């Protein structure tokens, strides 16, 4: 029996006996891990004894997550442990930093290359690999904390990141369920080049690509880790083929993995970013946390969908609910059309929604059973009081349109087709709220939680979600879920928020004659260089993974062909449904602008300095619902019960704001058919319009929980 196996058996027997003996006996066998920061020595593997720096929170228990942290080339495990201490306390993690000191592991090959090949170029037995310390060390830590942990996470920065990505490829690691390689200097690429730059040569056959690609690996890149002159950055022909900087090389590594995997081989590798961060473990570590929580925390639960299906069947069986559904169909004729026309013919550009808000508030009061008010900035909020406690369910539609106040908004009717600017987006959404509120009140359907019917200001364009921002800045609302009504296609279910950051960037300088003042800073040159710098680094961020986009949309400035301009401006739009990617693009843009300003001023030959102004034109946060959010499953069940096939999508709506705050939020259809939104010939067709408000009714009742006494006999 090997030393490793002997150690594992002894550890298992010691832990097993702990339930039958007094605590002192267990402590003697396992040397329990003290709370706080400590150092232990690990000898339960075939290699040299390892100093191990550990932090165990006072609150850590038998199921606390164990995270191995691999240090950089400086081999300073204690510093790495200390940089993770606050995160360990915040997230109740047991942080373990095995330290591969230079005395026993003097070379890159012996530590971060795994000691797969010895200094004479010979393959070594797996028991001698540095990788082979992790699994038995995991057993040791589990034993010391009397734990139940079945898996662990692995994080490494710089040389530690190299250790991690090679561990994922080469090591026998059945219990590693999450891995993060942060700011690796260079990579062993998943191609046929000879090791250490590829999986070929002497190590061919040691890697199973299918197995490696199935392991969850996050390549975490600091957007500012772009220093080509960093003395610890490997610079040679092979490494430079991967890119000029650590940032570039990480993207090359993932691209090579996708190329190797092709279309037939599933791959669980991805890239994430630490916006604005350079080569600094302490600053990188917080961005690793979401990727180290294990597969179980990320996987959706089928039980949520099963429960939603059972709940919708029970709800649809109630007489009062059936009657309310029928009422919506009845009201879709004259009652709904009259209100649709009235609201549409009240102009409501962003920041000028007051008149439409007053009309909408009046319509809500006429329904009855609602506490209606208009808040400080013009949001119309009507509360339908629940019979119990708990956070409220919000049904929302926006009051504003994209059209100026002087645009003709007279509604023209041709059969079931109604034409006017803003009639679909979003007058029809407001009418859907009215229909739900009227159906609930007519049939005395009460819920345990409050339902808020809200007409929001500032959803469109320059409004920048100001209505939602204001509502969620007020702690007195206590909103637990949001159902926004602002979509055309009936089955389209928005459960992911596309965020956007928009800026106007303006460089200014003294100007002058194109010949006589040559050497003076030129704002146009600065604009061109800033955009080029940004594009060069932004392109890899958008090449794979969650969709992210950028667009330089407008250029302005200049006085004449023979004049050095005094100003040059551009406007840029950044978008993504992934908040991390959006933040990365934002950080790259700001870095490009700052670097350009510095280089232009450093290179000037005469005249004053270049200056820059960055004006925020609007920010909409990105977000997504939790994998197990009941709201999304409830919406799918409600739509399916109406014979509508749900389709999850991403878009930018009022739901962005609450979704970014972690509040379950969706956007659903208004009902009917909406076409030509944001154009003067916009129209809405009353074809099966009842499906929209019926879906809103069912989802809100599932979320708010129907009271037992709702006016029917069942």
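Residue numbers (mature numbering (1 follows the signal peptide of the UniProt record, and there is no 0)): -27 to -1, 1 to 687.
Backbone N, C-alpha and C define an ideal beta-carbon position, used for all residues, glycine too.
Note that the coordinates shown come from a computational prediction; the quantities given were computed from them, not determined experimentally.
- [ ] Give me the Cα-Cα distance between residue 327 and residue 664, rounded to the nearest whole angstrom.
- [x] 29 Å
TODO: Can you say whether residue 180 is buried or exposed, counting buried as having 16 or more other CB atoms within 10 angstroms of its CB?
DONE: buried
Task: Residues near residue 465 by beta carbon distance below 7 Å, same chain, minus five either side - done: 620, 622 and 642
Task: Coarse secondary structure for residue 648, derived from DSSP in three states - done: strand
Task: Which of helix, strand or coil DSSP assigns to residue 181 - done: coil
- [ ] Just mark residue -1 as buried or exposed, buried being the case when its beta carbon has 16 or more other beta carbons within 10 Å.
- [x] Because residue -1 sits at a pLDDT of 38, beneath the cut-off of 50, its placement in the model cannot be relied upon, and the point is left open.
Task: C-alpha distance - residue 617 paired with residue 609, whole-angstrom precision - done: 9 Å
Task: Backbone secondary structure at residue 541 - three-state DSSP - done: strand
Task: Option in 489, 601, 600 and 12 with minimal Cα separation from residue 578 - done: 489
Task: For residue 245 and residue 260, believed in contact at Cβ under 8 Å, the rounded distance - done: 7 Å
Open item on the list: If we require 3 or more residues per run, which beta strand (DSSP E) segments fall completely within the segment 572 to 631?
Closed with: 584 to 593 and 620 to 624
Open item on the list: Quick test of the definition: if touching needs 3 or more C-beta pairs under 8 Å, does the segment 392 to 411 touch the segment 649 to 669?
Closed with: yes
Task: Coarse secondary structure for residue 11, derived from DSSP in three states - done: strand
TODO: Sort out for me which residues DSSP pairs residue 429 with in a bridge.
DONE: 371
Task: Residue closest to residue 122, alpha-carbon to alpha-carbon, out of 128, 131 and 112 - done: 112
TODO: Could you check what DSSP says for residue 164 in three-state terms: helix, strand or coil?
DONE: strand
Open item on the list: If you follow the beta strand (DSSP E) that residue 470 is in, where does it begin and where does it stop?
Closed with: 465 to 470
Task: the segment 535 to 542 / the segment 464 to 481 touching (three or more Cβ pairs under 8 Å) - done: yes
Task: Beta-bridge pairing of residue 29 - partner residues as DSSP gives them - done: 9
Task: Close-in-space but distant-in-sequence residues of the same chain around residue 312 (CB under 7 Å, 5 per side omitted) - done: 336, 404 and 407
Task: Nonlocal neighbours in the same chain, by C-beta distance under 7 Å from residue 176, ignoring five residues either side - done: 89 and 168
Open item on the list: Less than 9 Å between the C-beta atoms of residue 370 and residue 437, yes or no?
Closed with: no
Task: Where the beta strand (DSSP E) containing residue 524 begins and where it ends - done: 521 to 530
Task: Cut-off 6 Å between Cβ atoms - residues of its own chain near residue 85, not counting five sequence neighbours on either side - done: 132, 135 and 136
TODO: For residue -20, I'd like the list of residues in its chain whose CB is within less than 7 Å of its CB, leaving aside the five on either flank, ordered along the chain.
DONE: Below a pLDDT of 50, predicted positions are generally treated as unreliable, and residue -20, at 42, falls in that range; the measurement from the model is reported next regardless. Same-chain partners within the cutoff: 109 and 112.
TODO: Measure how close the beta-carbons of residue 141 and residue 185 come, nearest whole angstrom, since I'm counting them as under 8 Å.
DONE: 6 Å
- [ ] Output the distance between the C-alpha atoms of residue 24 and residue 73, rounded to the nearest integer angstrom.
- [x] 8 Å
Task: Closest residue to residue 348 among 377, 446 and 680 (Cα-Cα distance) - done: 446
Task: Cβ distance (whole Å) where residue 252 is taken to contact residue 198 below 8 Å - done: 5 Å
TODO: Find the nearest neighbour of residue 317 within the set 396, 173, 333 and 557, judged by alpha-carbon distance.
DONE: 396
Open item on the list: Rounded to the nearest angstrom, what separates residue 279 and residue 666 at their Cα positions?
Closed with: 24 Å
TODO: Give the secondary structure of residue 323 by DSSP, where H, G and I count as helix, E and B as strand, and everything else as coil.
DONE: coil
Task: Burial state of residue 338 (16 or more Cβ within 10 Å) - done: exposed
Task: Other residues of its chain near residue 373: CB distance less than 7 Å, five sequence neighbours each side excluded - done: 321, 322, 323, 326, 430, 431, 432, 433 and 436
- [ ] Output yes or no for whether 9 Å exceeds the beta carbon distance between residue 537 and residue 495.
- [x] yes
- [ ] Tell me whether residue 346 is buried or exposed, calling it buried when 16 or more other Cβ atoms sit within 10 Å of its Cβ.
- [x] exposed
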